[in-house]
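Numbering-wise (my numbering), the sequence shown opens with residue 22 and increments by one. Even for Gly, the Cβ is constructed at its ideal location relative to N, Cα and C. Since the structure is predicted, the reported quantities are computational estimates derived from the model, not experimental observations. A quick write-up on the structure given underneath.
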Amino acid sequence: MNRGPESKVHEGAVAGYPLLVSSDGQTLTLNIGWGCEDRPELVTRESTGVVKVSLRHTVRPGFCDPGGFAQITTHLNKPLGTRTLNDATGKPAVHFDERDLLRPASLPENYYPYPAGRMVFLPGLEAIPTDTPAWAVGYRLGTGPEAGSLIISQTLRSSTPPPGKAATVKGRPATITHSDSQGDPHSLTWSDGTYTFVVTTGGPPRLTSEELIHVAESIG
22 MNRGPESKVH EGAVAGYPLL VSSDGQTLTL NIGWGCEDRP ELVTRESTGV VKVSLRHTVR
82 PGFCDPGGFA QITTHLNKPL GTRTLNDATG KPAVHFDERD LLRPASLPEN YYPYPAGRMV
142 FLPGLEAIPT DTPAWAVGYR LGTGPEAGSL IISQTLRSST PPPGKAATVK GRPATITHSD
202 SQGDPHSLTW SDGTYTFVVT TGGPPRLTSE ELIHVAESIG
């Protein structure tokens, strides 16, 4: 696909992409996939009471490249604090506050956090919602070539676990959805009444149901 003879730059809304505000209130991180353009940039405009955030897209001349998937970041001049976070349309930007993000105290042996800037993603994994605060953190087996993965998502929404094998997490009902014959990941889902959590394993190798439950029980 030819992209035309001149570079084109435009800014668009961040709606539709998961957005995280760091614990110190100064870093914004967004999960995004793109194609036929440069890696998009997060752009902020700060005032006393409002921070506006938008996505800057740059399309250069030539043929379409495959694009990519990543977490992109930008830094505010001062912490967000009580200021409102809006997107380019002037509407509130749905975002997750990292101070509310719960993490596991126990991980399977040799699992480490995804590298900085890496988008938390697994083929076959349902995307996290963007109409309510939600975020996901990822871990992988070892630090070398791709192997087993563990992804934990947290969504500000109470929900009934989907159909699957019944389980419990901290005394609450949960279900385990197993991999199908195509090797898609399988997940453990439950709600604490405020958030819905999903712990997903992909690979190979994949974690067992017992290992998923052990990780889930340690989240706090």
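Nearest-angstrom beta carbon gap, Ala188 and Ser174 [assumed within contact, 8 Å]: Actually they are not in contact, since the Cβ atoms of Ser174 and Ala188 sit about 17 Å apart, beyond 8 Å.
Cβ distance (whole Å) where Ile53 is taken to contact Arg124 below 8 Å: The pair is not a contact, with the Cβ atoms about 23 Å apart (cut-off 8 Å).
Residue(s) in a DSSP beta bridge with His116: According to DSSP, His116 bridges with nothing at all.
Meets three-Cβ-pair contact criterion under 8 Å: the region 110-120 and the region 38-48: yes
Whole-angstrom distance between Phe84 and Leu40, CA atom to CA atom: 30 Å
Identity of the residue in Lys99, Ser75, Pro150 nearest Val30 by Cα: Ser75
Cβ-based burial, Ser28 [other Cβ within 10 Å; buried from 16]: When all chains shown are included, Ser28 counts as exposed.
Residues near Val236 by beta carbon distance below 6 Å, same chain, minus five either side: Pro125, Val220
Start-end ranges of the alpha helix (DSSP H) lying completely within the region 65-145, minimum 4 residues: none
Distance between Gly89 and Leu101 (C-alpha atoms, nearest Å): The alpha-carbon atoms of Leu101 and Gly89 are separated by roughly 29 Å.
Any 3 or more C-beta pairs closer than 8 Å across the region 207-220 and the region 97-116: no
Span separating the alpha-carbon of Ser68 from that of Ala34: 18 Å
Identity of the residues DSSP links to Gln175 by a beta bridge: The beta-bridge partner set that DSSP reports for Gln175 consists of Trp156, Phe218.
Cutoff 8 Å; reference Glu231; Cβ partners in own chain excluding five residues on either side: Cβ contact annotation for Glu231 (same chain, cutoff 8 Å, sequence separation greater than five): none.
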